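Throughout, this note's numbering is defined as the position within the sequence shown, counted from one, plus 769.
For glycine and all other residues, C-beta sits at the position ideal for the given N, C-alpha and C.
All of these numbers come straight from a predicted model, not from anything done at the bench.
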Amino acid sequence: MSYEKYQSLIQSLHDCMAACNHCFDACLMEDHVEMMRECIRLDRECADFCAYFEQALSKGTPFVSELAKVCATICEACGNECNRHEHNHCQRCAEACFECADQCRNLVA
Numbered sequence: 770m771s772y773e774k775y776q777s778l779i780q781s782l783h784d785c786m787a788a789c790n791h792c793f794d795a796c797l798m799e800d801h802v803e804m805m806r807e808c809i810r811l812d813r814e815c816a817d818f819c820a821y822f823e824q825a826l827s828k829g830t831p832f833v834s835e836l837a838k839v840c841a842t843i844c845e846a847c848g849n850e851c852n853r854h855e856h857n858h859c860q861r862c863a864e865a866c867f868e869c870a871d872q873c874r875n876l877v878a
């Protein structure tokens, strides 16, 4: 499968990774960082997986469907957690996560 075929998903994965990294960093600066613990944890996991999946697609992985399913699950979990918080960085991250989860689901549909 060609790199070009997945260009939209690769961009979405990259955008999600960047949003999660920003949210992670911003959450660490919040006054009540203890309340942000799960958000921080999921931001890290989601960013790491999106980065891995982006690289795997660029390299022509044969496991596209399997990775897309896992990615959708992780992005959805991160988006749901971020959506619980009113901070702008969390809301932007949730949007990016949900968009990426949708693209991953559409890929395997």
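How many angstroms separate the CA atom of residue i from the CA atom of residue j?
i      : j      : result
ASP871 : MET786 : 15 angstroms
GLU773 : GLU845 : 25 angstroms
SER827 : LEU876 : 16 angstroms
ALA878 : CYS808 : 28 angstroms
ILE843 : HIS856 : 20 angstroms
Use the C-beta contact count for residue i: other C-beta atoms within 10 angstroms, 16 or more gives buried, fewer gives exposed.
i      : result
CYS851 : buried
ASP812 : buried
HIS854 : buried
As a quick exercise: from the options, pick the residue whose alpha carbon is nearest that of residue i.
i      : options                        : result
MET798 : ARG853, HIS858, ALA878         : HIS858
ALA825 : ALA878, TYR775, MET804         : TYR775
ARG806 : SER781, CYS847, SER834         : CYS847
GLU835 : HIS856, HIS783, GLN780, CYS873 : CYS873
In three-state DSSP terms, what is residue i?
i      : result
ARG853 : coil
LYS838 : helix
MET805 : helix
GLU773 : helix
Touching or not, the region 781 to 801 and the region 861 to 875, by the rule of three or more beta carbon pairs under 8 angstroms?
-> yes
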